[in-house]
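Engineer: In terms of full-length UniProt numbering, the sequence shown has 40 at position 40, counting the first letter as 1, and numbering is strictly consecutive. C-beta: ideal position from N, C-alpha, C; glycine also. Take a look at the following structure, please.
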Amino acid sequence: MNKKKRQAIIKRLILENEITRQSELLELLKAEGVDATQATVSRDIRELNIIKHHDSQGKSFYRTLNNSVLGMKQITDEERLIKAISETGVGLTQIEFINVLTVLPGNGQVIGVLLDSVRSRNTDIVGCIAGDDTILILSDSKERADDVNKYIRPFLFTE
């Protein structure tokens, strides 16, 4: 079986199942008639931008950063931002035109940089100020801050 077909099957299996270990993925692949080694599957996971996602109960499973079953693409800054918020975001409070995002200690600066990188495409964000575990996200109106809040909230680690 060629690499493209194997990777398409891997993506489909990841989308259809909550796979927690590579050994589970290998078993599912074998059931699909795909004979692959753990090293090959590990490389495929990396190339396909498949990550270990942690839900709010702490359970981890593989998922794709993009929802396309076929095709490959680079991880975008927005996908990195979503991943970072889903793994570290613990709270979000809105005060008029400011959103205060609380994250696990040591992650504020990283998320601040990612917010800055997507800001050029998101006119709801004027700027942000990031500390160790808190990011102030500034908007030019309460309505735009509402939109930012609605965008971020579903990805919070604890929500």
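Taking only runs that begin and end inside the UniProt domain "Arginine repressor C-terminal" (86–153), name each unbroken alpha helix (DSSP H) of 4 or more residues, in chain order.
Structural biologist: 108–119 and 142–152
Engineer: How would you write the range of the beta strand (DSSP E) that Arg-63 sits in, first residue to last?
Structural biologist: Against the sequence shown, residue 63 aligns to sequence position 63. Following the DSSP letters along the chain, one finds Arg-63 inside the beta strand (DSSP E) bounded by residues 60–64.
Engineer: Taking the alpha helix (DSSP H) that Ile-9 belongs to, which residues open and close that run?
Structural biologist: For the purposes of this step, residue 9 is taken as residue 9 along the sequence shown, with counting starting at 1. Start and end: 3–16.
Engineer: Give me the Cα-Cα distance between Asn-17 and Arg-63, rounded to the nearest whole angstrom.
Structural biologist: Position 17 of the sequence shown, counted from the first residue, corresponds to residue 17. Position 63 of the sequence shown, counted from the first residue, corresponds to residue 63. If I take the Cα positions, the gap works out to 9 Å.
Engineer: Measuring alpha carbon to alpha carbon, tell me which residue in Asn-2, Ile-45, Thr-37 and Met-1 is nearest Leu-13.
Structural biologist: The residue you call residue 13 lines up with position 13 of the sequence shown. When only C-alpha atoms are compared, the closest one is Ile-45.
Engineer: Classify Leu-81: buried if its beta carbon has 16 or more other beta carbons within 10 angstroms, exposed otherwise.
Structural biologist: One-based indexing of the sequence shown puts residue 81 at position 81. With 16 or more Cβ atoms within 10 Å of its Cβ, Leu-81 is classed as buried.
Engineer: For Val-100, does the count of other Cβ atoms within 10 angstroms reach 16, so buried, or fall short, so exposed?
Structural biologist: Taking the first residue of the sequence shown as position 1, residue 100 is located at position 100. Classification for Val-100: exposed.
Engineer: Buried or exposed: Asn-2, going by 16 or more other Cβ atoms within 10 Å of its Cβ?
Structural biologist: One-based indexing of the sequence shown puts residue 2 at position 2. By the 10 Å Cβ count, Asn-2 comes out exposed.
Engineer: According to DSSP, simplified to helix, strand and coil, what is Ile-51?
Structural biologist: Residue 51 sits at position 51 when you count from the first residue of the sequence shown. Ile-51 falls in the strand class under three-state DSSP.
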